[in-house]
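>
In full-length UniProt numbering, the protein residues as written are 1 to 205.
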């Protein structure tokens with residue numbers, strides 16, 4: 001009598017593909033870890049809109065303060081143009097990069113990174129003693145804004161739903177408008193001479 005050995009068939013399914021899919025999901029979850037610890041919606045909105053307002057103010061504030069900067073730092077016409085335009089040049093060049101980094105590394109994380117860079121550069125602008133220093137720090141300011149601002153709408157879209165999202169977007173639009181107008185008012189008010197204060201401080205503080 002002949003004995004037959006049973007044939008063991010390999011399990012069906014693509015185990016390799018499944019493991020790759022799980023690894024991809026894990027990496028995506030890790031990249032969003034910074035967003036998962038976000039504060040409550042109201043607090044988050046206040047934080048991101050404050051950062052938005054600061055960045056918009058700095059686009060316009062130097063236009064009004066330009067005569068003070070020119071007089072106190074003895075800036076040339078070309079130097080003054082770079083002080084004014086350096087911020088927007090850096091912002092425009094790095095904006096897409098900032099948005100991409102937010103998608104890869106987490107919007108909350110990149111917003112906080114951009115906010116830290118922007119705040120540090122603003123302090124450095126206030127302490128600038130030469131036109132060259134002020135120009136350099138304005139470029140750094142723009143880089144910080146490019147990291148920070150693309151995350152604002154993304155965080156609003158991810159945090160709010162339905163009616164609350166519409167209200168949050170309305171507040172976002174109001175901040176944009178008030179920043180554009182307020183930057184010129186603040187620039188005119190704060191660029192007045194202040195005893196023993198650096199020219200940069202009059203323009204950025």
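Even for Gly, the Cβ is constructed at its ideal location relative to N, Cα and C.
#1: What's the gap between the Cα of residue 86 and the Cα of residue 78?
#2: Measuring CA to CA, which of 69, 123, 62 is closest to residue 144?
#3: Pairing CB atoms from the segment 175 to 186 with CB atoms from the segment 123 to 139, are three or more of them under 8 angstroms?
#4: Alpha helix (DSSP H) containing residue 118: first to last residue?
#5: Could you name the residues of the same chain whose beta carbon sits closer than 7 angstroms to that of residue 113, not counting the 5 residues immediately before and after it, in chain order?
#6: Within the same chain, show all residues whose beta-carbon is closer than 6 angstroms to that of residue 95, passing over the 5 residues directly before and after it, in chain order.
#7: Work out the CA separation of residue 110 and residue 120 for me, nearest whole Å.
#8: Using the rule of at least 16 other Cβ atoms within 10 Å of the residue's Cβ for burial, across every protein chain shown, is residue 176 buried or exposed?
#9: Check residue 76 in the structure and name its three-state DSSP category.
#10: Looking at residue 52: is its Cβ nearer than 8 angstroms to the Cβ of residue 102?
#11: Taking DSSP as the reference, what is the three-state secondary structure of residue 50?
#12: Is it buried or exposed, residue 65, if we count other Cβ atoms within 10 angstroms and call 16 or more buried?
Checking against the coordinates, here is how it stands:
#1: Rounded to whole angstroms, residue 86 and residue 78 show a C-alpha spacing of 11 angstroms.
#2: Selected option, being the one with the closest Cα: 123.
#3: No contact exists between the segment 175 to 186 and the segment 123 to 139.
#4: It spans 107 to 127 - the alpha helix (DSSP H) in which residue 118 sits, taken as one unbroken run.
#5: 147.
#6: Around residue 95: 146.
#7: Distance from the CA atom of residue 120 to the CA atom of residue 110, rounded to whole angstroms, is 15 angstroms.
#8: Under the 10 Å beta carbon count, residue 176 is surrounded by fewer than 16 other beta carbons and is classified as exposed.
#9: In the three-state scheme derived from DSSP, where H, G and I count as helix and E and B as strand, residue 76 is classed as coil.
#10: Taking 8 angstroms as the Cβ cut-off, residue 52 and residue 102 do not qualify as a contacting pair.
#11: DSSP places residue 50 in the helix class (H, G or I) of the three-state scheme.
#12: Residue 65 sits buried, since 16 or more C-beta atoms from the chains shown fall within 10 Å of its C-beta.
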